[in-house]
Amino acid sequence: MSLKITQTFNFMKKTTFFHSLDPRTKGLIILLYGTLVMVVGDLLSLLMVTMFAISIMILSGLGTKLIEGIQSLWLIYLLIFIINSYMQSLNLAFILILRFFNFMMVFAVFFQTTMPEDLSQSLIQIHIPYNMAFTLSLAFRFIPTMAQETENIIEAQKSRGHQFNKGGLFQQARNFFPLLIPLIIGSIRRAFHVAEALETRGFGVLKKPTFYRKLQMKRKDWLVLSCLTLIVVIVIVLEILQKQNQISIPWKYNLSI
Amino acid sequence: MISTSTILNPIECQDFSFIYKTSKQLALNKINIIIEPKKFYLLAGPTGSGKTSLIRAINGLIPHFYHGRFFGYVKIKGIDSIDSSPAQLSKHVGTVFQNPENQLFSMSVERELTFALENLGYSRQHISAQINKAIKLTKIENLLNRSPYELSGGEQQRVAIASILALNPEIIVLDEPLSSLDPLTASDIMHLLVQLQQDEGKTIIISEHRLEYVLNAVDEIIVINEGKLQSKEPTFTLLKQDVLYRLGIDIPVLLHWFYSHQDTDNNEKENKKEEQQKISAIPITQTEQLEYLRKYCQNQLKLLNDQVIEKQNQFLINELPSKIEERGQNIRKNSFSRTEPILSIENLSFSYEGSIKKSDKGFFLTDIIKKLKDKKKKKNSLKSFNNINSIDLPVLQNNSTQFFTGEIVGIVGKNGAGKSTFVRCITNLLSNFSGNIYLDGKNTKYLEIHQITQKIGLIFQNPDHQLFSNTVEAELQFSLKNLPLSTAEREKRIDETLKLLEIDQFKNMSPFSLSGGQKKKIALASILCRNPDIIIFDEPTIGQDAKEKQKLQDIIIDACSKDKTIIVISHDLEFLIQIATRIIVFDQGQIIADDHPNFIFQDHYLLKKCHLKPPAFSSLYAQLRQEFPQLPSNILSIEQLERFFKSCR
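In order, the protein sequence lines correspond to chains V and W. Last residue of the first sequence: 262 in our numbering, with the numbers rising by one and none dropped. Last residue of the second sequence: 770 in our numbering, with the numbers rising by one and none dropped.
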């Protein structure tokens, strides 16, 4: 389960529409879409928004991995559902689950389609310190390497007769020490090697490096942003009007319990 | 040759000593070296001799990253390394580290190349010109849009070299860059380095264990041991001296034979002067070696009757490797009493795609999307041919073979041919294979992994992936904990294993305080103490020096004489020639050959497929046979030739 999630939130090399957008655009999409999801207050509208988003993703060629990873969080959904349906209402529980799902989705799209370096570069361009921004992209870069290493360690310990899922809950937790210790020590060693290599490649000489490829907002970035902003504004206006009972949306209240 | 006063030498060390902050011993002790421009140097020495420290001193990591006490001075292009930072020095010195994976930090190759230039604040025009030059030199045009982490080891090393060439440094230092590469890829990288030296006038310093890869290319050899400079001489001069042979450095097998052979020849002469002469008679160049062997053969053949030789033409067909022959008949008997295989593999196939499908069951949305995608894929199958190729091709295809008690089987094939997957399927670490594997007559599908690993011990390349205890003893206890043994028996096993590997003095030490070679031995002990019937080694010789390799051979042969089955995955042809009774060749997921080493390793077509190079001896031997047609055709190593003459007497 855990590995699938890392896949979902890790960069995927592909050429989709979302990949070609500027990271800053995608950051704003998260903000706008997040607002949209929070503003829409009833189940059916939210469901429609969600379906709309999913269909856009599938059309643009993202999909399988995304949904696979998000569904592997079912435990969290269940938790949200139980707590909220108990404390509040069934309706709210469903709404919260859908909101959570939507947030996961939009973040997953962001991380899957944004090259970590583009992310850090855009952070640097909006004046976040180079060190911090680079650390972020470095962390993403080594996710696949670490996943590979984890697998190797598991295999090595298994071939020494170690059984990871033997014994009670407490014992099972202890069984992970033979995995964790080599992994941690290996990571520290790797960190040293990476630091050495960084030193010899001039890292940190300048506060702000030059960029060979500068990130630039293109026409489609502006187009996407203005479309989405328009939708969000319309939805907000509709919500307000509807709250003041100035208009009625046909499907609302028919279904809400 | 070049007077030192007129031209600024790339590197000058004077009375340079260094003590790491964390240790009390001198890591480097009074080093005096002058590195001349445009030359190719080899830095040789046993593990822990100070090679890496010297490289760190050259690129400025000592004293700026690794702190400690610093004596004397190191000057890089006239700049004192104390006054400069590694970043500033990077314009003059480019460093390639042992593990390319850790020095590639980007998600695309192009960014990797621009990284250093961007950091130093160059303009875009300059960056563009520089990286284009680096790309051309290293011929990585086709890799530009890929991610460094998905490249093969050789490609990664090429990108690493390109990324330092982008800064156009005059000096390139490489710290064991070939250790994880197969022989053919290693020689490609060496070829590239020679080209950089000759065409671009770079000064290159390389440290490497296996001298075989580098001897042809380097101009001079720097030998260090225990932090001290032992000698610095032109290659040919040094090979005629005693130093390299004494230090247990991994010298080409042939040279080693010439060296030891002279020892036995002139046993009576004990005069020191004669000793020196004797060493200087070691044939180095190919013509010298051929001349030497010609004389050797003439002498031997004079003693022998031609008729005997005719008879001996069938020599080696039922022959065992030289190493085993010495150990007597016990093994010989075993390996020919082939009654029941201990491990039998039938129609083994495996693909990663298949394993994903299985785990996907039960979720309809994913399935629907996948089906839609599959349809799309079929439509675009021609377009995205490359993509599909790497994902959908089965890693293993319909392989059947059998292993018998007392065999030592070598598995060869280039990286990605399916060797590791094959071994992982045998031990059930990968369980979604199709086909059947019978271990001692039982189908492994119905066994748990821990039951299988009681009989099959798999020893991985990297000991760091398994060591985690406080002491070596605890490490072995961990390996034994699931076996039905009494406490006394465990103690006994641990002591026995440690003694066998000659590491009993480390019993109460932390495995993390040991050197790489010693860690490797402990990883080996952690499997050996479980006393499995089948022992599988994954690339056991990587990074090992001559002595360690020798020891490993002894251990393998010893285990074999105790009725074990040994399987060795390796690129080390010379190592396999000495011990293997059988070789299995993998190519594109299939076993394409399975035979006696002397047949496999003579087939140049097969060797090329496995990214191996024919043994150095074989080209010499081919020439010898033109002169002495009575010699048998299928001899692979000088030891075999020696043994052949012996058997004729």
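Glycine included, C-beta positions come from ideal geometry on N, C-alpha and C. All figures in this text were calculated on a predicted structure; none of them were measured in a lab.
Inset, instruction - From the DSSP output, in three-state form, read off Q176 (chain V) for me. - result: helix
Legend entry - Residue from W:E623, W:I713, W:Q671 and W:P661 with nearest C-alpha to G539 (chain W): W:I713
Inset, instruction - Under 8 Å between beta-carbons, which chain V residues line up against R651 (chain W)? List them in chain order, please. - result: Here the neighbours are R165 and G166.
Legend entry - Any chain V beta carbon closer than 8 Å to V228 (chain W): In the sequence as displayed, the identity of residue 228 (chain W) is Met instead of Val. Answer yes: the Cβ-Cβ gap between M228 (chain W) and chain V drops below 8 Å somewhere.
Legend entry - Under 9 Å (Cβ pairs) to chain B, residues found in the stretch 83-103 of chain V: The structure shown contains no chain B; the protein chains it does contain are V and W.
Legend entry - Contact the stretch 525-538 of chain W vs the stretch 685-693 of chain W: 3+ CB pairs below 8 Å: yes
Legend entry - Burial state of L185 (chain V), where buried means 16 or more other Cβ atoms lie within 10 Å: Counting every other CB atom within 10 Å of its CB across the protein chains shown gives L185 (chain V) a total below 16, marking it as exposed.
Legend entry - Beta carbon of D693 (chain W) nearer than 8 Å to that of I704 (chain W): no
Legend entry - Interface flag, G242 (chain W) vs chain V, CB-CB below 8 Å: Interface residue, yes.
Legend entry - Nearest residue (CA-CA) to T20 (chain V), options V:L228, V:F182 and V:T118: Its Cα nearest to that of T20 (chain V), the residue V:T118 stands out among V:L228, V:F182 and V:T118.
Legend entry - Which listed residue (W:A165, W:F554 and W:D708) has its alpha carbon closest to that of S352 (chain W): W:A165
Inset, instruction - Assign V238 (chain V) to one of two classes, buried (16 or more other C-beta atoms within 10 Å of its C-beta) or exposed (fewer than that). - result: It is exposed - the Cβ of V238 (chain V) has fewer than 16 other Cβ atoms within 10 Å.
Legend entry - Neighbourhood of N455 (chain W) by C-beta distance below 7 Å, restricted to the same chain and skipping five residues each side: Residue confidence for N455 (chain W) is low, a pLDDT of 47 falling below 50, so the modelled location carries little weight and cannot support an answer.
Inset, instruction - Kindly say whether I248 (chain W), judged by its beta-carbon, lies nearer than 8 Å to any beta-carbon of chain V. - result: Yes, its Cβ sits closer than 8 Å to a Cβ of chain V.
Inset, instruction - Compare the C-beta of A237 (chain W) with all C-beta atoms of chain V and state if any pair is closer than 8 Å. - result: With a threshold of 8 Å between beta carbons, A237 (chain W) makes contact with chain V.
Inset, instruction - Determine, using beta carbons only, whether Q146 (chain W) comes closer than 8 Å to chain V. - result: Closer than 8 Å: no.
Inset, instruction - Kindly indicate if chain V contains any beta-carbon less than 8 Å away from that of E222 (chain W). - result: yes
Inset, instruction - Consider the Cβ of Y270 (chain W): report whether some Cβ of chain V lies at a distance smaller than 8 Å. - result: yes
Legend entry - Under 7 Å by beta carbon: chain W residues contacting L198 (chain V): Correcting the residue identity first, residue 198 (chain V) is His in this sequence and not Leu. Correct list: F218, N220 and N223.
Inset, instruction - State whether the stretch 198-216 of chain W contacts the stretch 257-265 of chain W, with contact taken as three or more CB pairs (one from each stretch) at a distance under 8 Å. - result: no
Legend entry - CB of F236 (chain W) within 8 Å of CB of S227 (chain W), strictly: yes
Legend entry - Secondary structure of A165 (chain W), DSSP reduced to three states: It is a strand residue.
Inset, instruction - Report buried or exposed for S125 (chain V), applying the criterion of at least 16 other Cβ atoms within 10 angstroms of its Cβ. - result: buried
Legend entry - Alpha-carbon to alpha-carbon, R29 (chain V) and V111 (chain V): 14 Å
Inset, instruction - Pull up the distance between the alpha-carbon of G166 (chain V) and that of N136 (chain V), whole angstroms please. - result: 43 Å
Inset, instruction - For the stretch 153-183 of chain V, enumerate the residues whose C-beta is nearer than 8 Å to any C-beta of chain W, in chain order. - result: E154, N157, I158, E160, A161, Q162, K163, S164, R165, G166, H167, Q168, F182 and P183
Legend entry - Member of V:L36, V:G173, V:L48 and V:I100 whose CA lies at the smallest distance from the CA of T234 (chain V): The candidate whose alpha carbon is nearest that of T234 (chain V) is V:L36.
Inset, instruction - Count the other CB atoms, across all protein chains shown, that sit within 10 Å of the CB of T542 (chain W); report buried if there are 16 or more and exposed otherwise. - result: So T542 (chain W) counts as buried.
Legend entry - Below-8 Å beta-carbon distance, I190 (chain V) vs any chain W residue: Yes, because at least one Cβ of chain W sits closer than 8 Å to the Cβ of I190 (chain V).
Inset, instruction - Would you decide whether E133 (chain W) is buried or exposed? Buried here means 16 or more other CB atoms lie within 10 Å of its CB. - result: buried
Inset, instruction - Would you mind stating whether H571 (chain W) and Q162 (chain V) have Cβ atoms separated by less than 8 Å? - result: no
Inset, instruction - Could you say if the stretch 638-656 of chain W and the stretch 566-580 of chain W meet the contact criterion of at least three C-beta pairs nearer than 8 Å? - result: yes
Inset, instruction - Could you check which residue in W:T592, W:S249, W:E297 and W:K196 has the C-alpha nearest to that of N220 (chain W)? - result: W:E297
Legend entry - Cβ of T574 (chain W) within 8 Å of any chain V Cβ: It does: the Cβ of T574 (chain W) has a partner Cβ on chain V nearer than 8 Å.
Legend entry - Cβ-based contacts, 9 Å cut-off: residues of the stretch 203-216 of chain V near chain W: L203, E204, T205, R206, G207, F208, G209, V210, L211, K213, P214, T215 and F216
Legend entry - Below-8 Å beta-carbon distance, L579 (chain W) vs any chain V residue: yes
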